[in-house]
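If you're matching positions, the sequence shown starts at 1 in UniProt numbering and goes up one per residue.
Here is the structure we will look at, set down as structure tokens.
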Amino acid sequence: MRVLVVGASGLVGQHVVERLRDRRHEVTAVARTARPGIDRAFDATAVTEADLAGLLAGHDGVVFAAGRDDRQIPRKPSYPAFHQGNVEPVVKLLAAARKAGATSAVVLGSYYTHFDRLHPEWELAVTHPYVRSRVEQARAGREAAGPNLPVAVLELPFVFGRADGRLPNWSGGLDRWVRSRSPLFAPPGGSAATTATSVADAAVLALEERSGEDVPLVDENLTWKDLISRVATAAGHAREVHDLPAGVLRAAMHLTGLAQTLTGKQSGMNPAGLGDLMLRDLFVRHETPRAIDHAIRETFPARA
1 MRVLVVGASG LVGQHVVERL RDRRHEVTAV ARTARPGIDR AFDATAVTEA DLAGLLAGHD
61 GVVFAAGRDD RQIPRKPSYP AFHQGNVEPV VKLLAAARKA GATSAVVLGS YYTHFDRLHP
121 EWELAVTHPY VRSRVEQARA GREAAGPNLP VAVLELPFVF GRADGRLPNW SGGLDRWVRS
181 RSPLFAPPGG SAATTATSVA DAAVLALEER SGEDVPLVDE NLTWKDLISR VATAAGHARE
241 VHDLPAGVLR AAMHLTGLAQ TLTGKQSGMN PAGLGDLMLR DLFVRHETPR AIDHAIRETF
301 PARA
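Dropping the structure here:
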């Protein structure tokens, strides 16, 4: 196959490109910024469908590994910013891919859409602008692709790993915390976790099989206490992780929401609802769990 990868310089995008080439596929690597290994540099939010159509000529598949992260905090209301970063580029890309005759597509999304399907009573897409953008990304993207271009959506939880110096965008604060002298605390609840290499494997498989499915990914389900403890151990600063009462977390999220209101900002994950969400077990069912300690060590290496 000849595959266009948008977001090819990111942590997951780099692994997708590498795995595609390992499988003898031809890759056109696209990213926002020009750098070694990138074939074309452009802003996916600004490029036109016509530009994409020309770039996609002769390609069999496309992978969207870019988008606006939920940790970015735009001005209120924030949904237009998340729609611009997550929905509009995918619609343009898949519409252009359909017209170019592509036969397979993969979009890297969020596991929040998985839980939105499983638990509509949680109203995740109503409460959180970021989740709404990811739900709309899958729906509108598939509509633009049409019936002959299957679009698999990989629903990603926390992703561990490293690629050419790129790390998960959420890892910086946690890295500084576990290496400090500050005590460690964790609330009840937990999350699914995976690795960048596992995501790449799943993306290539979905392309080759033209699956067109929603694919929630997981290697391990970790409580927050276990996750923080294993990160601290990997970083060479192993110590006890204390229990954080649920009420303290909710109060902290409430104060975060007030601060955003006072500054005219709005995060993609509404702090008022995020506290309750974090207290849940955001676990994904799987039949063959795989340890991710190697990827945790890559993300948080011990320093001499």
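Using N, Cα and C, we set each Cβ at its ideal position, and we do this for glycine too.
Note that this is a predicted model, so its numbers are computed, not measured.
Residue from the options with nearest C-alpha to residue i
i	options	result
D201	R132, A192, V215 and R280	V215
A252	P271, G10 and S267	P271
G165	K99, L11 and R290	L11
F115	H242, R280 and P36	R280
residue 306	A65, S229 and S104	Within the shown structure, residues of the chain are numbered from 1 to 304, placing residue 306 beyond reach of any answer.
R57	F160, A41, A102 and K225	At residue 57 the sequence reads Ala, which differs from the Arg that was named. Measuring from the Cα of A57, the nearest candidate turns out to be A102.
A203	R2, S9 and G13	G13
P289	L205, T195, H119 and H254	T195
A96	M278, D39, E209 and R142	R142
W122	A302, L4 and D276	D276
S78	T261, A140 and P301	T261
P36	R23, A8 and T45	A8
A65	L124, D51, H237 and L156	L156
S104	R250, L282, A235 and L149	L149
DSSP state of residue i mapped onto helix, strand, coil
i	result
F82	helix
S211	coil
V284	coil
residue 384	The requested residue 384 is not part of the displayed model; the chain covers only 1 to 304.
T48	coil
D243	strand
R71	coil
A152	strand
K76	coil
A163	strand
R2	strand
A41	strand
Residue-level contact to chain B via CB, residue i, 9 Å cutoff
i	result
G257	Among the chains in the structure shown there is no chain B, since it carries only a single protein chain.
Supposed close pair residue i, residue j - CB separation, criterion 8 Å
i	j	result
L154	L94	Actually they are not in contact, since the Cβ atoms of L154 and L94 sit about 15 Å apart, beyond 8 Å.
V284	A192	4 Å
H15	T197	6 Å
T299	G161	6 Å
G273	H128	6 Å
V231	I296	6 Å
V6	L20	So it is not a contact: roughly 13 Å between Cβ atoms.
Contact test: residue i Cβ vs the ligand GTP heavy atom, cutoff 8 Å
i	result
N221	For the structure depicted, the ligand GTP is absent and the ligand set is empty, with no information on it obtainable.
Check your understanding: Counting Cβ pairs, one atom from each stretch, are 3 or more of them under 8 Å apart for the region 120 to 134 and the region 163 to 182?
Key -> no
Review point. In chain order, which continuous runs of the beta strand (DSSP E) of length 3 or greater are located wholly inside the region 86 to 133?
Key: Within the region 86 to 133, the complete beta strand (DSSP E) runs of at least 3 residues are 104 to 110.
**Study point:** Any beta strand (DSSP E) of 3 or more consecutive residues that is wholly inside the region 15 to 39
**Key:** 26 to 31
Check your understanding: Between the region 176 to 185 and the region 202 to 222, are three or more C-beta pairs nearer than 8 Å?
Key -> no
Check your understanding: Does the count of Cβ pairs from the region 83 to 99 and the region 25 to 34 closer than 8 Å reach three?
Key -> No: fewer than three Cβ pairs fall under 8 Å.
Review point. Which full runs of the alpha helix (DSSP H) of 4+ residues lie inside the region 174 to 221, going along the chain?
Key: 196 to 209
Review point. Quick one: complete alpha helix (DSSP H) runs, 4+ long, within the region 246 to 280?
Key: 246 to 263 and 271 to 278
Practice item. Taking 8 Å as the threshold, find out whether the region 240 to 249 comes into contact with the region 107 to 121 through three or more Cβ pairs. Key: no
Check your understanding: Any chance the region 262 to 269 sits against the region 69 to 76, with 3 or more Cβ pairs inside 8 Å?
Key -> The region 262 to 269, when compared against the region 69 to 76, does touch it at the 8 Å Cβ threshold.
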